Ligand SMILES: [Zn+2]
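In this note's numbering, the protein residues as written are 599 to 664.
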């Protein structure tokens, strides 16, 4: 899979997306366009899991009255 930094990715796609739209690599990878060691785009945010906080009310109260 080709890996590009945000700058090159925007130039290739003729877009100007902000960094927060994407998930960038935590480690430095080589951008295949500019050849620099940088944080490359790993995935788009919209493919990321959306963590919905589901509140589960536990009805099981421990009433151990002896
Ligand atoms: Zn680049």
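Ideal Cβ placement from N, Cα and C applies to all residues, glycine included.
Bear in mind that the values here come from a model prediction, so they are computed numbers and not experimental data.
Query raised in the report: Can you check whether the CB of residue 600 is closer than 8 Å to the CB of residue 630?
Result: yes
Query raised in the report: Between which two residues does the beta strand (DSSP E) harbouring residue 622 extend?
Result: 620 to 622
Query raised in the report: Using a Cβ-Cβ cut-off of 7 Å (strictly less than) and excluding sequence neighbours within five positions of residue 621, which residues of its own chain qualify?
Result: 640, 641, 643 and 646
Query - Beta-carbon contacts of residue 603 that lie in its chain and below 8 Å, excluding the five residues immediately before and after - result: 629, 631, 632, 634, 636, 637, 638 and 639
Requested in this report: Anything with a beta carbon under 5 Å from a heavy atom of ligand 2 counts; list them all in chain order.
Outcome: As far as ligands go, the structure on display features ligand 1 and does not contain ligand 2.
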